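Enquirer:
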Amino acid sequence: MQADAYRRALRLLMARQGLVATAHVLGVAHSVLVLALLVVAGLFTALLVSQGEARFPTAALPRVFDYARSASPPASDEAQPSTSRRDGRDSWIANRIASQDPKYTRFEDSGLLPLVTSHFASTNPLHRRSAIALRRLLRAVPTLRNNTGALSSLLATGLVLLLALSAGAGYRRQVLAEASCDVATTLRRQIHRQMYRLGQSSLPTEGTGPVVNILTREVNDVRDGIFSDLDNRYRMWVLGGGLVLISLYLSWILTLFLASLGALTWMIARVLDRDARLVSDAAMRDAAVQLCLLHEDLSLLRTVRVYGMENVDKLRFDEHLERYREADVRRLRTEGRVAPTTALLYGVAVTLALGLLGYSVLVTHLVTPASGSVLLVSLVGLSYPLASLLRMQKTVRQANRSAAAVFEFLERKPELQQPGGAQFLPPLQDRITFENVTLESRSGRTLLEGVSVEIRAGSRTAIMSLDEDAKH
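And the structure:
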């Protein structure tokens, strides 16, 4: 669930809803193109594995393909098919018959036809429906009926999809950059106007540093969060859902088993890595504490020199620096470390998954080699949208914290406020008179006490002091 501050920042996009809708449409189109490219790659792999050769029950040919067959195959490749063999929409199949007997008919140099024959023989109704759709595609696209034409068509289709992906990705990032930078520009403009409203006396005692930090780092975090959100919100869900559907289509049994194995392995690994994460977090906190002490040593440099304590300060700084080095070494050594038990768990899980997939391809013939390859790519590729969504959530959480700091500054009330209905003073024409004026700083120091002065128009008067707070 998005936090309140981040949702408030997203409302700044209301004026650019066209850009937001375009970004979402382009993201969904990007995922669809990636899925289409995966399908083309699967067809290409199937073509390489089958080499255009297929075997199909002879008795089922009239039911599946619309053509009248002769009693015997042609004597040679040069033999012309009979007139009856040319009848029907699938008359081209007769030219791809290599041998035929009462039990089986063998085809060669038939392009994607082996996919049609193998899926018609499947017990999965989805596979049979896809075989019907592919048969219609073969009728409509003659180049897919032979190996050379199918190879050229698939490579050309893949190249077109890659070009579309490249062009669409560039335009999508441009749209995302414009939308997120518009929000950042609006926030920076509001911060600038707020500084005018607050005035110099309402700035923090440490000067403009915190405001500059809000103007730069905090606003940049909000911008990056919006960019990541718009980039991944729908795109990764469509991509992940498409990969799951492709995997379920290829083999729902293997998909469910391998997905369950991956989820179980991930949950066990999180428990095993808990101790390693605690050690890493402790080292990070220790390094942060030692770094703060180094900052404190640097900030006290003027005081140390005034009191002549350089030797003591050097020893103190060297001690803190050595502690920071040790803590930083522990942090780098433990950060992102995978425990040996976790590595063994991952190895066992991967070995089991590959073994089961190989057994299904080589022994039980539950899936074909091409389908097994595409299934493996789909399940491995599923980790990309999941990791992207997790990174997006982390970025959005950081953006929410930064947005809260930005809006807290924008909602700060100035010390001097103009009530409703107040009248404007007339222009200064004669003099400015201060009568018994007293001014205190935020820390409670008295800067002016009982000051009375008259400054006539046209004259120049300077107020000077050696006190750093006097400029307020």
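Take 698 as the starting number for the sequence shown in the working numbering and just add one per residue.
Cβ coordinates follow ideal geometry from the N, Cα and C atoms, glycine included.
These figures come from a predicted structure and were not determined experimentally.
Quick one: is residue 743 buried, meaning 16 or more other Cβ sit within 10 Å of its Cβ, or exposed?
Expert: buried
Enquirer: Just to confirm, is the Cβ distance from residue 1172 to residue 1159 under 8 Å?
Expert: Lying outside 698 to 1169, the shown extent of the chain, residue 1172 is not represented and no answer is given.
Enquirer: Quick check: the Cα distance between residue 888 and residue 978, rounded to an integer number of angstroms?
Expert: Using only the alpha carbons, I get a separation of about 35 Å.
Enquirer: Which two residues bound the contiguous alpha helix (DSSP H) that contains residue 817?
Expert: 810 to 817
Enquirer: Can you list, in chain order, the residues of its chain with a C-beta nearer than 7 Å to that of residue 761? Leave out the 5 residues immediately preceding and following it.
Expert: For residue 761, same chain residues with a beta-carbon under 7 Å away, outside a window of 5 residues either side, are 817 in chain order.
Enquirer: With H, G and I counted as helix, E and B as strand and the rest as coil, what does DSSP make of residue 887?
Expert: When secondary structure is reduced to three states using DSSP, residue 887 falls in the helix class.
Enquirer: Would you check if there are 3 or more beta carbon pairs closer than 8 Å linking the stretch 797 to 813 to the stretch 926 to 944?
Expert: no
Enquirer: From the DSSP output, in three-state form, read off residue 1061 for me.
Expert: coil
Enquirer: Please report the straight-line C-alpha distance between residue 872 and residue 713, rounded to a whole angstrom.
Expert: 11 Å
Enquirer: Between the alpha carbons of residue 833 and residue 823, how many angstroms are there, rounded?
Expert: 16 Å
Enquirer: Would you mind working out which of 862, 861, 1027 and 835 sits nearest residue 1177, comparing C-alpha positions?
Expert: Limits of the chain in this structure are 698 at one end and 1169 at the other, which puts residue 1177 out of reach.
Enquirer: Three Cβ pairs or more, each shorter than 8 Å: is that satisfied between the stretch 978 to 988 and the stretch 1060 to 1070?
Expert: no
Enquirer: How about the stretch 954 to 972 and the stretch 993 to 1012: do they share at least three Cβ pairs that are nearer than 8 Å?
Expert: no
Enquirer: Could you please give the first and the last residue of the uninterrupted beta strand (DSSP E) stretch that includes residue 801?
Expert: Segment 801 to 804, the beta strand (DSSP E) holding residue 801.
Enquirer: Would you list the residues sitting across from residue 1136 in a DSSP beta bridge?
Expert: 1145
Enquirer: Please identify the residue among 861, 801, 1107 and 909 whose C-alpha is closest to the C-alpha of residue 702.
Expert: If we check each option's Cα against that of residue 702, 1107 comes out closest.
Enquirer: Quick one: is residue 804 buried, meaning 16 or more other Cβ sit within 10 Å of its Cβ, or exposed?
Expert: buried
Enquirer: Out of curiosity, what's the CA-to-CA distance linking residue 796 and residue 750?
Expert: The alpha-carbon of residue 796 is positioned some 11 Å away from that of residue 750.
Enquirer: Hey, out of 819, 746, 921 and 893, whose CA is closest to residue 908's CA?
Expert: Distances from the CA of residue 908 to each of 819, 746, 921 and 893 were compared; the closest alpha carbon is that of 893.
Enquirer: Is residue 925 helix, strand or coil when you go by DSSP?
Expert: helix
Enquirer: At a Cβ threshold of 8 Å, is residue 970 touching chain B?
Expert: Protein chain content of the structure displayed is limited to a single chain, and chain B is not contained in it.
Enquirer: With residue 920 and residue 720 assumed to form a contact (beta carbons below 8 Å), what rounded beta-carbon distance in angstroms separates them?
Expert: Wrong, their Cβ atoms sit about 14 Å apart, outside the cutoff.
Enquirer: State the Cα-Cα distance for the pair residue 1110 and residue 1088, rounded to the nearest angstrom.
Expert: 36 Å
Enquirer: Between residue 848 and residue 733, is the Cβ-Cβ spacing less than 8 Å?
Expert: no
Enquirer: Taking its Cβ as the centre, do 16 or more other Cβ atoms sit within 10 Å of residue 666, making it buried, or is it exposed?
Expert: Coverage of the chain is limited to positions 698 through 1169, which leaves residue 666 absent and any answer about it impossible.
Enquirer: Should residue 789 be labelled buried (16 or more other beta-carbon atoms within 10 Å of its own) or exposed?
Expert: Buried is the call here.
Enquirer: Rounded to the nearest angstrom, what separates residue 1151 and residue 884 at their Cα positions?
Expert: 42 Å
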